[in-house]
């Protein structure tokens, strides 16, 4: 899951009044294209900025701090109406009959360098804990309230392979530190996670109906080793591992994460993006 003008200053030159333009003069001027005359839409501006920021995008690529702030600024200004969304749309209605609500995904754009898309979550909708290997991700909450919980791996911490979990049958759990565990209500700042920092594993839970726009650079790609992995969470006290100790008062800030298959109750349905058109020239 994120613009300059110059002026010529001719000091010291003698001022000379220019001849007034006539209709004949104007008629000989080349006409500007309609596209140049038309103001760029916010979503087109986002697209153009992403193209520049992720020009050299590959696994593990992190944009410069200047580019990160530039893309964040564009996303921070984005509004639901800029992408054709309102909270009253069918995507966001409460689904009483379903234990786990369906989530709609609106595909905006994808290339080898980056992707853009919007997750539409009804109340209680959940995107379970998952990772973003080798990616820099920008997430913009367009409207609603969402609970975000995210983790980063604890570097060099041993796994729980020595516990009662059989590593030959079940993946070993790894120690992770909580990065974020809070509710966010739009409008709020765009959140950013990095390949090894910022909460690379995260879970979204819709407190109210909400929409979140994700920019991923680069996008998921199984052939390139960027596969989406889901995780189970266990409290720190679940396992006792030699060489791993955390003060009792800090233990709530840590958890053991264990790889799992994609949750069977997770249903993400593709839907048609009906906002302003994105033009890729």
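Residue numbers (UniProt numbering): 1 to 281. No residue lacks a Cβ here, since even glycine has one placed at the ideal position from N, Cα and C.
Would you mind reading off the limits of the alpha helix (DSSP H) that contains residue i?
i	result
residue 268	Run containing residue 268: none in the alpha helix (DSSP H); it sits in the beta strand (DSSP E), 268-271.
Measuring alpha carbon to alpha carbon, tell me which of the options ends up nearest residue i.
i	options	result
residue 235	243, 257 and 184	257
residue 281	41, 51 and 39	51
residue 66	60, 54 and 59	54
Roughly how far, in whole angstroms, is the beta-carbon of residue i from the beta-carbon of residue j, given that I think they are within contact range, below 8 angstroms?
i	j	result
residue 85	residue 211	6 angstroms
residue 186	residue 117	No, residue 186 and residue 117 are not in contact; Cβ-Cβ is about 17 angstroms, not under 8 angstroms.
residue 231	residue 129	5 angstroms
Please report the residue range of the beta strand (DSSP E) in which residue i lies.
i	result
residue 259	254-260
residue 115	115-121
What three-state label does DSSP hand residue i in the structure shown?
i	result
residue 154	coil
residue 220	coil
residue 280	coil
residue 37	Residue placement at residue 37 is flagged as unreliable, the pLDDT there being 44, under the threshold of 50; a coordinate-derived value is accordingly withheld.
residue 178	strand
residue 237	helix
residue 183	strand
residue 212	strand
residue 130	strand
residue 137	strand
residue 204	strand
residue 110	strand
Determine, using beta carbons only, whether residue i and residue j come nearer to each other than 8 angstroms.
i	j	result
residue 43	residue 276	yes
residue 141	residue 184	yes
residue 271	residue 105	yes
residue 192	residue 68	yes
residue 225	residue 133	yes
residue 278	residue 108	yes
residue 215	residue 119	no
Does any heavy atom of the ligand ADP sit closer than 7 angstroms to the C-beta of residue i?
i	result
residue 53	Ligands displayed in this structure: none; no statement on the ligand ADP is therefore possible.
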